[in-house]
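Notes for the one structure printed next.
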Amino acid sequence: MRYGREAEVLKDISFELPRGSFHFLTGPSGSGKSTLLKLIYLSEQASRGRIEIFGQDLALLKRAGRPLMRRRIGVVFQEFRLLEHLTVFDNAALAPRIAGRKPAAYRSDVADLLAWVGLGDRMHAMPTALSGGEKQRLAIARAVINRPDILLADEPTGNVDEAMALRILRLFTELNRVGATVLIASHDTDLVLRSGMPVLNLDAGRLAQIPVFNPELSP
Amino acid sequence: MSLAFDANRWWPSPLLPKGDGRDWALLFVVAALSFLAGLAAVGALAGERAAAGWRSELVGSATIVVRAKGTDSADEEAARAAEVVAGVKGVAEARALDAAKADALIAPWIGAGALPPDLPTPRLVAVDLDRKAPASGADLTRALSAAGIDADVDDHSRWSKQIMRAGASIEAAGAGLFVLILAVLGAVVAFATRQGLVARRDVVEALHLAGATDGFIARLFQARFARSAAQAGLAGALLAVLAAVLLKAMSAGDEQLTALLPIAWRDLAAPAPFPILAALVAAVTARITAIAALAERP
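Keeping their order, the protein sequence lines are chains A and B. Be aware that the first sequence starts at 1, since it is given in the numbering used here, and climbs by one per residue. Be aware that the second sequence starts at 1001, since it is given in the numbering used here, and climbs by one per residue.
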């Protein structure tokens, strides 16, 4: 994968995430973690190579099929990407709304999830009034509200305290337990260690699979 | 004190942020276009009515110029001509104008009383034709020739054709202006849609990544611009009606202005369809523009 005429960001990468697996994606800044996630959530197109999601070759996927595939992928962005003109509740309710569900069918799910991530008393607030940690929790709630088949998260615990980080990890584990494939890009070595989950380590655009994480080997 | 949030009463908010400065500029342009379109429509209707009135006057009448051989017999010859043509089918009334009236008609060109009294001047016969089945100029000429009267018939057809052409030109100009205004409206909305997609790139991207189709996103812009165009179009149309009422009031005491622009009360309804038309044009343009712009994204 390369942008324009620049050097390749990702090269010679080949891996498979089995359905229902849970992986961490580690690597130093600029190693290509975010680019790899973008390729999976269809925000970028690979300049060469082949990516297959849900058994579908993305190069052969028609434009009309992309939204349906995106609806099966929940993404927690590092920079949150919340809609600042919408309330916390409206932001969290975005995915079911776009999927065409009637408000009455998902209102209570949204309220329960927001309460679960600790935003029960902030549902009517605007994102500009939230702290960094609250924005992160809202971004997570928005990503998981539709119980996606794949959950991608870019530094999802970067702005929360340890207790909330563990709580978020438990949420991801719970989603994984009910079938979601989870891939989390993280610098949080403590969290990766505690999870005991396998790691994909990216370094200078190349990938290594580490069954058991060893912080000594991680940059 | 803060009100508790009741999730059961929650209803989705608009996905696009409410209007900003760019929207106000767009509203102003659409209102101005609507105002111009409304005035053009009222003007075209009034102009067409004026042309129709003039055409009706001309088609419904004819003038006969009787060339008298001597001043003594001129009035008699004109009276005879009037009598002859009055009997022609398709003529409602014919009356000979006396010497004083004939002189009055040419007075603007040569001055009053400028002609010597013994100079034989042509006499005129004014003919009112049957509006439903008017006699032709040829019918009148034939009748006058048969009676041995030396006269020329002017059935105003030359002027009538010119006025019909003028009327058609007014209609074509009005229609052309209307189409031009709609095209400008479409161009403005297309520009505003592209600007909106750029300015709200974060929203568009968030919606895309959450699984929104191009059609879903395009519908947001389509609805936004259709509503704005309808509101601004209504404001412009109301201003056009107000301006037309003022013009009508101003022309009430001025015969020349009334003859040139005879605005009728029913003409004031002419701007009414524009807000709906503006909304339709804005919706279609915004949708086409948004779909084309979104197709450039991955």
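By construction, the Cβ of each residue, glycine as well, lies at the ideal position given by its N, Cα and C atoms.
Which of helix, strand or coil does DSSP assign to residue i?
{"i": "asparagine 146 of chain A", "result": "coil"}
{"i": "leucine 1268 of chain B", "result": "helix"}
{"i": "valine 1153 of chain B", "result": "strand"}
{"i": "proline 219 of chain A", "result": "Below a pLDDT of 50, predicted positions are generally treated as unreliable, and proline 219 of chain A, at 42, falls in that range; the measurement from the model is reported next regardless. Of the three classes helix, strand and coil, the one that applies to proline 219 of chain A here is coil, per DSSP."}
{"i": "threonine 181 of chain A", "result": "strand"}
{"i": "glutamine 136 of chain A", "result": "helix"}
{"i": "arginine 70 of chain A", "result": "helix"}
{"i": "arginine 1131 of chain B", "result": "coil"}
{"i": "alanine 111 of chain A", "result": "helix"}
{"i": "alanine 95 of chain A", "result": "helix"}
{"i": "valine 1188 of chain B", "result": "helix"}
{"i": "glycine 1021 of chain B", "result": "Annotation note: pLDDT 46 at glycine 1021 of chain B (below 50); position unreliable, coordinate value reported separately. Helix."}
{"i": "alanine 1172 of chain B", "result": "helix"}
{"i": "asparagine 176 of chain A", "result": "helix"}
{"i": "arginine 63 of chain A", "result": "helix"}
{"i": "aspartate 220 of chain A", "result": "Outside the shown range of chain A (1 to 219) lies residue 220 of chain A, about which nothing can therefore be said."}
{"i": "leucine 82 of chain A", "result": "coil"}
{"i": "threonine 1063 of chain B", "result": "strand"}
{"i": "alanine 1147 of chain B", "result": "coil"}
{"i": "glutamine 1256 of chain B", "result": "helix"}
{"i": "glutamate 8 of chain A", "result": "coil"}
{"i": "methionine 126 of chain A", "result": "coil"}
{"i": "aspartate 1006 of chain B", "result": "coil"}
{"i": "threonine 189 of chain A", "result": "helix"}
{"i": "isoleucine 1263 of chain B", "result": "coil"}
{"i": "glutamine 1162 of chain B", "result": "helix"}
{"i": "threonine 1213 of chain B", "result": "coil"}
{"i": "threonine 1285 of chain B", "result": "helix"}
{"i": "methionine 1001 of chain B", "result": "Annotation note: pLDDT 43 at methionine 1001 of chain B (below 50); position unreliable, coordinate value reported separately. The answer is coil: DSSP assigns methionine 1001 of chain B none of H, G, I, E or B."}
{"i": "valine 1030 of chain B", "result": "helix"}
{"i": "tryptophan 1011 of chain B", "result": "coil"}
{"i": "threonine 1193 of chain B", "result": "helix"}
{"i": "valine 117 of chain A", "result": "coil"}
{"i": "arginine 991 of chain B", "result": "Nothing can be reported for residue 991 of chain B: it is not among the residues displayed for chain B, which extend from 1001 to 1298."}
{"i": "glycine 225 of chain A", "result": "Outside the displayed range of chain A (1 to 219) lies residue 225 of chain A, so it cannot be described from this structure."}
{"i": "leucine 1207 of chain B", "result": "helix"}
{"i": "aspartate 1139 of chain B", "result": "helix"}
{"i": "arginine 1080 of chain B", "result": "helix"}
{"i": "alanine 46 of chain A", "result": "coil"}
{"i": "serine 1056 of chain B", "result": "helix"}
{"i": "alanine 165 of chain A", "result": "helix"}
{"i": "alanine 1293 of chain B", "result": "helix"}
{"i": "valine 160 of chain A", "result": "coil"}
{"i": "proline 1298 of chain B", "result": "coil"}
{"i": "serine 1073 of chain B", "result": "helix"}
{"i": "serine 131 of chain A", "result": "coil"}
{"i": "leucine 1242 of chain B", "result": "helix"}
{"i": "glycine 1047 of chain B", "result": "helix"}
At least one CB of chain D closer than 9 Å to the CB of residue i: is that the case?
{"i": "aspartate 154 of chain A", "result": "Reference to chain D is not applicable here, since the protein chains of this structure are A and B."}
How many whole angstroms separate the CB atoms of residue i and residue j, which I take to be in contact at a CB cut-off of 8 Å?
{"i": "alanine 1126 of chain B", "j": "leucine 1097 of chain B", "result": "6 Å"}
{"i": "phenylalanine 89 of chain A", "j": "alanine 1025 of chain B", "result": "Incorrect: roughly 32 Å between the Cβ atoms, too far for contact."}
How should residue i be labelled, buried or exposed, when 16 other C-beta atoms within 10 angstroms of its C-beta is the threshold for buried?
{"i": "isoleucine 184 of chain A", "result": "buried"}
{"i": "glycine 1047 of chain B", "result": "buried"}
{"i": "serine 14 of chain A", "result": "exposed"}
{"i": "phenylalanine 22 of chain A", "result": "buried"}
{"i": "proline 1134 of chain B", "result": "buried"}
{"i": "leucine 1207 of chain B", "result": "buried"}
{"i": "isoleucine 1110 of chain B", "result": "exposed"}
{"i": "glutamate 1077 of chain B", "result": "buried"}
{"i": "glycine 1233 of chain B", "result": "buried"}
{"i": "alanine 1279 of chain B", "result": "buried"}
{"i": "leucine 260 of chain A", "result": "Any question about residue 260 of chain A goes unanswered here, given that chain A covers just 1 to 219."}
{"i": "leucine 1144 of chain B", "result": "buried"}
{"i": "tryptophan 1011 of chain B", "result": "exposed"}
{"i": "valine 178 of chain A", "result": "exposed"}
{"i": "arginine 1224 of chain B", "result": "buried"}
{"i": "lysine 1248 of chain B", "result": "buried"}
{"i": "phenylalanine 77 of chain A", "result": "buried"}
{"i": "phenylalanine 54 of chain A", "result": "exposed"}
{"i": "glycine 1196 of chain B", "result": "buried"}
{"i": "leucine 25 of chain A", "result": "buried"}
By DSSP's criteria, residue i is part of a beta bridge. Which residues make up the other side?
{"i": "glutamine 56 of chain A", "result": "A/Ile53"}
{"i": "alanine 153 of chain A", "result": "A/Val76, A/Ile184"}
{"i": "alanine 261 of chain A", "result": "The shown model of chain A, from 1 to 219, leaves out residue 261 of chain A, and the question about it has no answer."}
Those runs of the beta strand (DSSP E) which lie wholly inside the segment 1089-1126 of chain B and span at least 3 residues: 1091-1096
- prompt: Which parts of the segment 12-40 of chain A are runs of the alpha helix (DSSP H), unbroken and 4 residues or longer, counting only runs that do not cross its ends?
  reply: 33-40
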